[in-house]
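First residue of the sequence shown? That's 8 in this note's numbering, and the numbers climb one at a time after it.
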Amino acid sequence: MTLENTPRPEWLTFDCYGTLIQWDEGLKAVVADILHDKGDHSVEADRLIEVYDRHEHRLEQTPPHRSFRQLSTLGLQLALEELGLTSRPEDSQRLAGAIPRMPPFPEVIETLAKLKAMGFKLCIVSNTDDDIIAGNVAQLGGHIDRVITAQQAGAYKPNPRLFDYAHEQLGVSRDQVVHICASPTLDHTAARDMHFRCVWIDRGTGRQLLPDYRPDEILSTLDQVVPLFTSLGW
Numbered sequence: 008m009t010l011e012n013t014p015r016p017e018w019l020t021f022d023c024y025g026t027l028i029q030w031d032e033g034l035k036a037v038v039a040d041i042l043h044d045k046g047d048h049s050v051e052a053d054r055l056i057e058v059y060d061r062h063e064h065r066l067e068q069t070p071p072h073r074s075f076r077q078l079s080t081l082g083l084q085l086a087l088e089e090l091g092l093t094s095r096p097e098d099s100q101r102l103a104g105a106i107p108r109m110p111p112f113p114e115v116i117e118t119l120a121k122l123k124a125m126g127f128k129l130c131i132v133s134n135t136d137d138d139i140i141a142g143n144v145a146q147l148g149g150h151i152d153r154v155i156t157a158q159q160a161g162a163y164k165p166n167p168r169l170f171d172y173a174h175e176q177l178g179v180s181r182d183q184v185v186h187i188c189a190s191p192t193l194d195h196t197a198a199r200d201m202h203f204r205c206v207w208i209d210r211g212t213g214r215q216l217l218p219d220y221r222p223d224e225i226l227s228t229l230d231q232v233v234p235l236f237t238s239l240g241w
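So this is what it looks like as structure tokens:
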């Protein structure tokens, strides 16, 4: 697939965590702090994150719909217990409190400013709660026009309902949007199933493409979007 010979989008939608915001770095730091406070060095931060992600993603797709704060609390509790560690309420409070403070990647604010100057409207579509993401959006230089969350839509990626809700709120069809993201599991699955255009920011985290889908473009950092779109005449 390619973006060549496709219409210029009216809106650009972005995954937030891992695309704009330093999710992996921030999550590893807070998980390491949680483990340090427990005084148990038998579990590595990466291992806890792996188990936490598995529980969190399963809970996101398991009725009834819960807030991300509830999901992250339960997911962390289940992960700690699975690994033989004691779970305390302050563990999940620390995690939820750390997310809004996670900063953007170095090139993000300048890139968003350039995309705005090129005439694009910018929207975040994220698997989170409004109050959690507010702290992250506040760090993005005022360039984001809309924020659509799982809390608003009542659904988490890769459920198409979140993207359908976002497109309805923006008043656009799928061919009027290009989605820019970091997660093959969540965003690529939706792009594959819903047939909207997708740019993958592969920051070298080890995430693998789906076996049956390749995004329209693959870039290593967000600032590469600007010359790509310029080359397309957008």
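Positions of the beta carbon are idealized from the N, C-alpha and C atoms, including for glycine.
query                                                                                                         : result
Those runs of the alpha helix (DSSP H) which lie wholly inside the region 70–157 and span at least 4 residues : 75–89, 96–105, 115–124, 137–144
Environment of Gly82 [buried if 16+ CB atoms lie within 10 Å]                                                 : buried
Identity of the residue in Ile56, Arg76, Thr118 nearest Gly149 by Cα                                          : Thr118
Selected residue, minimal CA-CA separation from Asp53, among Ala39, Leu147, Asp171, Arg65                     : Ala39
Secondary structure of Trp30, DSSP reduced to three states                                                    : helix
Leu7 - containing alpha helix (DSSP H), residue span                                                          : Past the edges of the chain, shown from 8 to 241, lies residue 7, and the structure says nothing about it.
Integer Cβ distance of Gly25 from Ala189, believed to fall under 8 Å                                          : 4 Å
Minimum length 3: unbroken beta strand (DSSP E) runs contained in the region 156–200                          : 184–188
Three-pair Cβ contact test at 8 Å for the region 91–101 versus the region 109–126                             : no
Reduced DSSP secondary structure (H/G/I, E/B, other) of Val50                                                 : coil
Arg204 (DSSP reduced to helix, strand or coil)                                                                : strand
Cβ neighbour criterion (16 or more within 10 Å) applied to Ala141                                             : exposed
Proximity of Arg153 and Ala162 at Cβ, strictly below 8 Å                                                      : no
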